[in-house]
Amino acid sequence: MEVQILLCLCVLLHCQKLTSSFTGTILYSTYNAIMEFDIDTRNVTVLLEQSEYVYAMDYDYKNRFIYFPRYNTHDIVRFAYPSKNTTLQTVIQSLSGPTGIAVDPTNGHIYWTDYNTNRLSRCNLDGNNVNVLSSLNSPLVIRLDLTNRWIYIVERFLGISKSRFDVAKQQNIVNFTSARVDSMDIDTDEHRLYWINGEGDITSSKDDGSDVKTIHSTNVAANYFAIGVVGSYIYYGNAYNQLLMVSKTPGSAPTVLYNDTRRIESIFVLNSPGMSITIFS
Ligand SMILES: *[C@@H]1O[C@H](CO)[C@@H](O)[C@H](O)[C@H]1NC(C)=O
Ligand SMILES: *[C@@H]1O[C@H](CO)[C@@H](O)[C@H](O)[C@H]1NC(C)=O
Ligand SMILES: *[C@@H]1O[C@H](CO)[C@@H](O)[C@H](O)[C@H]1NC(C)=O
Ligand SMILES: *[C@@H]1O[C@H](CO)[C@@H](O)[C@H](O)[C@H]1NC(C)=O
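Numbering (mature numbering (1 follows the signal peptide of the UniProt record, and there is no 0)), first residue to last: -21 to -1, 1 to 260.
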């Protein structure tokens, strides 16, 4: 009996690996909930209800917690995932305006950007040992490339900077020329960055900032806070509370996946390498 179960798990794990670039789960936040979107079935379910602006989420795949900052509550919280118990645990309190978050499970750190104090800070996964790492200009988004060990930060009105995890030398790799940018994701497979500016241009560059190209323009000026890149597709939220996907090939037409009732404030993709977790849910 036990052998059969083990065998079954092995087969499942194997299948998961083979299809990992096509399957997975996307989490997205709105003002009143964190939602789970199944890429295969396109099923949308409420993961937990809450009522705060959540501009970013990240996953500690080692200890299995989703972390997110709450801009107006001035804190960072986490909940177990996957789990039936999504009770929020407070990690760190009394912040000013936390917007971006990134977890480095290897070193046991969380990084966050505070939009109001213009700071990048780091602490341990339990909230201890807080360190201010640098002062920036309007830092809104932070994403880590865990494979190649790079930090990418979007300074909303300035550009994208890149540094090693010790933040010793920060290099500016993209200057925003026209509109501000509210969202960004990394495609570690193809070594590219994807972002959306306030004019609705979904833009991409290599991860050294070269080869900038526009993938798609919504032609609607708005805050585009939510973007996530999976396989051949870019998932994003628009000004009409919709979750959409568009192919990375420039000039492709987007598909509406879901009409929500609130603006989508952030998207987090759960199918990065080493995150074969769906079989445990
Ligand atoms: C969508 O999710 C709901 C709730 O978990 C479930 O009852 C339903 O069967 C799912 N539908 C599909 C098509 O997977
Ligand atoms: C759910 O998780 C919270 C936070 O970890 C914990 O305090 C609580 O006891 C858990 N509830 C159940 C029913 O397990
Ligand atoms: C961005 O602009 C600054 C100031 O003009 C300049 O020094 C820097 O080289 C530019 N960076 C890129 C990647 O174009
Ligand atoms: C979203 O709403 C539009 C109308 O506003 C409708 O045409 C479309 O079918 C809806 N899409 C989904 C996936 O529900």
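Quick reminder that beta carbons are idealized off the backbone N, C-alpha and C, glycines included.
List the endpoints of the continuous beta strand (DSSP E) containing residue i.
{"i": "residue 41", "result": "Careful: residue 41 lies outside any beta strand (DSSP E) and carries neither H nor E."}
{"i": "residue 185", "result": "180 to 185"}
{"i": "residue 68", "result": "68 to 71"}
{"i": "residue 242", "result": "Taken as a continuous stretch (DSSP letters only), residue 242 belongs to no beta strand (DSSP E), as it is neither H nor E."}
{"i": "residue 25", "result": "23 to 28"}
{"i": "residue 8", "result": "4 to 8"}
{"i": "residue 36", "result": "Note, residue 36: premise wrong, no beta strand (DSSP E); not H, not E."}
{"i": "residue 12", "result": "12 to 17"}
{"i": "residue 120", "result": "118 to 124"}
{"i": "residue 98", "result": "98 to 103"}
{"i": "residue 231", "result": "Here residue 231 belongs to no beta strand (DSSP E), and DSSP marks it neither H nor E."}
{"i": "residue 112", "result": "110 to 114"}
For residue i, is the classification buried or exposed, using 16 other Cβ atoms within 10 angstroms of its Cβ as the cut-off for buried?
{"i": "residue 29", "result": "buried"}
{"i": "residue 170", "result": "exposed"}
{"i": "residue 245", "result": "buried"}
{"i": "residue 1", "result": "With a pLDDT of 48 at residue 1, under the threshold of 50, the modelled position of this residue cannot be trusted; read the value that follows with caution. Answer is exposed; the Cβ neighbour count stays below 16."}
{"i": "residue 230", "result": "exposed"}
{"i": "residue 225", "result": "buried"}
{"i": "residue 240", "result": "exposed"}
{"i": "residue 242", "result": "buried"}
{"i": "residue 49", "result": "buried"}
{"i": "residue 217", "result": "buried"}
{"i": "residue 173", "result": "buried"}
{"i": "residue 69", "result": "exposed"}
{"i": "residue 228", "result": "exposed"}
{"i": "residue 8", "result": "buried"}
{"i": "residue 182", "result": "buried"}
{"i": "residue 219", "result": "exposed"}
{"i": "residue 133", "result": "buried"}
{"i": "residue 186", "result": "buried"}
{"i": "residue 205", "result": "buried"}
Taking 8 Å as the threshold (C-beta atoms), are residue j and residue i in contact?
{"i": "residue 127", "j": "residue 167", "result": "yes"}
{"i": "residue 59", "j": "residue 121", "result": "no"}
{"i": "residue 175", "j": "residue 215", "result": "yes"}
{"i": "residue 135", "j": "residue 164", "result": "no"}
{"i": "residue 209", "j": "residue 146", "result": "no"}
{"i": "residue 142", "j": "residue 152", "result": "no"}
{"i": "residue 73", "j": "residue 53", "result": "yes"}
{"i": "residue 76", "j": "residue 93", "result": "yes"}
{"i": "residue 199", "j": "residue 177", "result": "no"}
{"i": "residue 261", "j": "residue 23", "result": "With the chain covering only -21 through 260, there is no way to say anything about residue 261."}
{"i": "residue 27", "j": "residue 65", "result": "yes"}
{"i": "residue 207", "j": "residue 13", "result": "no"}
{"i": "residue 39", "j": "residue 104", "result": "yes"}
{"i": "residue 51", "j": "residue 32", "result": "yes"}
{"i": "residue 114", "j": "residue 97", "result": "yes"}
{"i": "residue 238", "j": "residue 221", "result": "yes"}
{"i": "residue 108", "j": "residue 137", "result": "no"}
{"i": "residue 188", "j": "residue 139", "result": "yes"}
Could you please go through the chain and list the residues whose beta-carbon is closer than 7 Å to any non-hydrogen atom of ligand 4? Going along the chain, the residues that qualify are 221, 235, 236, 237 and 238.
Residues whose Cβ lies closer than 5 Å to any heavy atom of ligand 2, in chain order: Taking each Cβ in turn, the ones that pass are 64 and 66.
Enumerated in chain order, which unbroken segments of the beta strand (DSSP E) with a length of 3 residues or greater are wholly contained in the stretch 48 to 89? Runs of the beta strand (DSSP E) inside the stretch 48 to 89: 54 to 59, 68 to 71 and 77 to 83.
Those residues, in chain order, that have a beta-carbon closer than 7 Å to some heavy atom of ligand 3: Those residues are 138, 151, 152, 153, 154 and 188, given in chain order.
Where are the beta strand (DSSP E) runs, 3 residues long or more, that stay fully inside the stretch 135 to 221, in chain order? Counting whole runs of 3 or more residues, the stretch 135 to 221 contains the beta strand (DSSP E) stretches 138 to 142, 150 to 154, 160 to 166, 171 to 176, 180 to 185, 192 to 196, 206 to 209 and 212 to 216.
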